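Which chain is which? The protein sequence lines are Z and S, in order.
With the numbering used here, the residue at position 214 of the first sequence is 214, and numbering never jumps.
Count along the second sequence from 1, then add 1000; that gives the number in the numbering used here.
A quick write-up on the structure given underneath.
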Amino acid sequence: MESPSNIVEIRRVSKCYHRGDLVVPVLTDITFDIARGEFLAIMGPSGSGKSTLLNLMAGIDRLDTGSILVDDTDITTLSETELASWRSSSVGFIFQFYNLIPVLTAFENVELPLHLTGLSKKERREHVEAALRMVSLTERMDHSPSQLSGGEQQRVAIARAIVTDPLILVADEPTGDLDRKSAADVLDLMERLNRELNKTIIMVTHDPHAAGRAHLIRHLEKGEFIP
Amino acid sequence: MIILKMILKNAFRRKVRTGLTVLAFAIAILAFGLLRTVISAWYTGVEASSASRLVVRNAVSLIFPLPLSYYDKIRHTDGVSTASYGNWFGGVYISEKNFFANYAVQPNTYLKLYPEFVLPEDQKDDFLRDRRGFVAGRKLAERFGWEIGDIVTLKGTIFPGSWDFQLKGIYQGRTGSADETLFLFNWEYLDETLKQIAPSRSGQVGFYLVGVQDPNRSADVAREIDTMFRNSLAETFTETEAAFIMGFISMGQAIIQVINIVSIVVIVIILTVVANTMAMTTRERIGEYAVLKTLGYTGSHTFALIVGEALVITSIGSILGIVLTYPAAAGFKQGLSAFFPTFNVDPSTIVYDLGIAVLVGSAASFIPAIQAVRIRIADGLRRIG
C-alpha cells in the first residue's frame, strides 16, 4: 500500500536510448518515492540518467517500462495533449540556462503558463506580481531577459515555475550557469519555497554545495540508485 | 493573444534576415504583378471588343483582300445595323521603333461603330471633310507631341511611298480599356492613291466591320454573310470582334505561355527563399519551442508560431510588392505604350499577390513547423546552452 504522503511514486522504471542499432540503457528498474514537501537532490556523473529521470517525472519524456504516479495520476497513461495540460498545471520547471523567451519581458515570461488557464487578465496580473514579489523582481518586470543578469533571469524562471502553484518543482542544474553569489541566492529562494510554501522540489545537480541545501540526496550511477 | 504577440516579435528578431526576405518577396511580387499585367494588357483588346461587332475577312487569310463590291451586300444583310471597312496600312513613322497601329478606314461608318472613341464634333467634321486628314488616339498624340493641324508623314510598307496626313482630331476613350493609340485615316485617300500607283490593288479592302442590331443574333448574321459569298472568288470568314482579336493573340500564345511559366518560376524561387529563412529560424528557436511545450503549450501552438511568422513576412513583402507594382507599371506603360494600348494593374492581380503571400507563407513554413511539432521536448531542450 502506498503512503498517501508520497507525491511521486516511481515503480520499476526503465528507459533506453536508441542510437541507430545500438540500444543504450539509461535507467534500469528504478523504484522510489518522493514525499510531499520533500527537497530532493539527485546527484551523479554525466550520463548516469539523472536528467532523464527528472524528465520522466516531469512528463517531458516517455519511459519504456514501469509507471510514474504524481499525486495519484499515472502520467505514463496520458496522451500528449493530456500530458501537456497536466504539465502546465502540475509541474514547475527550472532549467540550467533559465530558458526565458527572449522577445518577452520578465512579466510576460512569468505570465506564459497562465495563458493556458482560464484566468482573467486581472487575475493573471495578480498572480504574476505575487510570483515576482516572491523572487524580489517586481521592479524589473518590464525588462527583457537580455537586460537581466544570470541570477535575475533564473529568479524570473523560478517565478514562472511557481506562478501556477504546481504540485512539484523540477530543477535541472539550476545553479550550473551562475556565479557563486547568484547560485546562493537561487538556492536560498528554493529553500524558502520548500520551507514556506511546502513545495516539493526535485533538483538534479553536479554541485555538492547545491545538493547540500536539499533534505535528501540520492546518487544515481549507470541508471541505478546507489546506496 | 500571447501567440500573436510572439509571432510579431519573432518576425523582427533577425532584422537583417527578415528585411532581406521581405525585400526578396516584394521583388518577386513586383515581378509577378508586372508579368500578370503584361498578360492582361495582351488581352485588353478582347475586353474592349463589342459583342455587337463582327469582323469579315477573306476566308483564306487576313492578308488576302476582299472586293469593295461586297459592302452594299453586307450592309443590307438582315440584322446588320452599320457596316464599315478598312485596311491595315502598316505605315512607319520616322523609324520602325515608333510602331503604332495605323488603319485606312471608311471614317463616318467606322466612328459610328466605335462610339467608345470620343471625338469632338468640330474635329470629326474636319476629319470627314479632308481625305488626307487623320485622327489619333490621345496617347498616340501625346507620345509624339502631335497637335491639331500637324502634318505627319508615314512611310508605306504594304503600300509603298511616302504618305502625308494632317491631324484633324484627337479622340479619347470613353472607357479605360479603349485603345487610345490608333492612327485612323480616310480609306478614300488610300484608294485614290492606289488607283494612280497600283490600279490593280484599288477597290479592295482588308476587312469589313459589321454592327449587328441584336448581339444574340451575331452567329446568324455571320453565317448569313459567309453563305452569301460562298463559292465566290473571295469567300469570307465572319467572326465576332473578340474572336478576331483572340485570333491575333493566339499567334503570340507561346509568349504568353512563357510569361506564365516565368511567373510560376518566380513564385517557386521565392518559395525556396522563404522556406530557407523559416528553416533557419525554426532551427535557431527549437529550444524555445521545447520550453513552450514544457510549459504546457501544444504542437498546434508551435505550428501557429512558425506558420504565423512566415505569413507575417510574406504578407509584408506582398504589400510592399503591391505598392511598388503601381509605379513600376506606370513606368512600363510609358515605355511599352506602342505595344500595349493599356497597361493597368488588374484588381485580380492584387488578389493573386495576397493569395501568393498566404500560399508561400504556409507552404514554406509547413515542413519546418511539422519538424518542430514532432521534435521531442527533451531533444529540443538539449539544443539550448
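Where is the CB? At the ideal position from N, CA and C, for every residue including glycine.
All values derive from a computational prediction rather than experimental measurement.
What residue 113(Z) touches in chain S, judged by beta-carbon distance under 7 angstroms, is 1295 and 1296, going in chain order. Three or more beta-carbon pairs separated by less than 8 angstroms are not found between the region 203-212 of chain Z and the region 126-135 of chain Z, which leaves the two stretches without contact. Taking the Cβ atoms as the reference, residue 1109(S) lies roughly 19 angstroms from residue 1228(S), outside the contact range of under 8 angstroms.
Approximately 7 angstroms separates the beta-carbon atoms of residue 1101(S) and residue 1181(S); this is inside 8 angstroms, confirming the contact. Note: residue 219(Z) is bridge-paired with 43(Z) and 226(Z) in the DSSP secondary-structure output. Sorting 97(Z), 142(Z), 95(Z) and 82(Z) by C-alpha distance to the C-alpha of residue 111(Z) places 142(Z) at the top. DSSP places residue 203(Z) in the strand class (E or B) of the three-state scheme. Considering only 66(Z), 42(Z) and 221(Z), the residue with the shortest C-alpha distance to residue 212(Z) is 42(Z). Within the region 1200-1256 of chain S, the complete beta strand (DSSP E) runs of at least 3 residues fall at 1207-1212 and 1236-1240.
Burial is judged here by how many other beta carbons sit within 10 angstroms of a residue's own beta carbon; residue 208(Z) has fewer than 16 and is exposed. Apart from sequence neighbours up to five positions away, the residues of its chain that approach residue 1259(S) with a beta-carbon distance below 7 angstroms are 1035, 1038 and 1039, ordered along the chain. The continuous beta strand (DSSP E) containing residue 11(Z) extends over residues 6-19. Secondary structure note for residue 1085(S): its beta strand (DSSP E) is the uninterrupted segment 1080-1088. Per the coordinates, the alpha-carbon of residue 1068(S) lies some 17 angstroms from the alpha-carbon of residue 1080(S).
Listed in chain order, the non-local C-beta contacts of residue 48(Z) below 6 angstroms within the same chain comprise 220 and 221, local neighbours out to five positions each way being set aside. Interface criterion met: the Cβ of residue 160(Z) is under 9 angstroms from a Cβ in chain S. For the region 1001-1030 of chain S, residues whose beta-carbon sits nearer than 7 angstroms to a beta-carbon of chain Z comprise 1002, 1006, 1009, 1010 and 1013.
Counting only runs that start and end inside the region 1115-1185 of chain S, the alpha helix (DSSP H) elements of at least 4 residues fall at 1121-1129 and 1138-1144. Buried is the label assigned to residue 1263(S), since at least 16 other Cβ atoms lie within 10 Å of its Cβ.
For the region 68-84 of chain Z, the set of positions with a beta-carbon nearer than 7 angstroms to some beta-carbon of chain S reads 81 and 84 in chain order. Taking C-beta separations shorter than 6 angstroms and ignoring five residues to either side along the sequence, residue 1347(S) has no partners in its chain.
In this structure residue 9(Z) touches residue 33(Z) by the C-beta definition: roughly 5 angstroms separates them, less than 8 angstroms. The contact set of residue 1256(S) on chain Z, defined by CB atoms closer than 9 angstroms, is empty, because the minimum CB distance reaches about 46 angstroms.
Inter-residue distance for residue 1066(S) and residue 1334(S) is about 36 angstroms (C-alpha atoms, whole angstroms). The beta-carbon of residue 1307(S) is placed no less than 9 angstroms from the nearest beta-carbon of chain Z.
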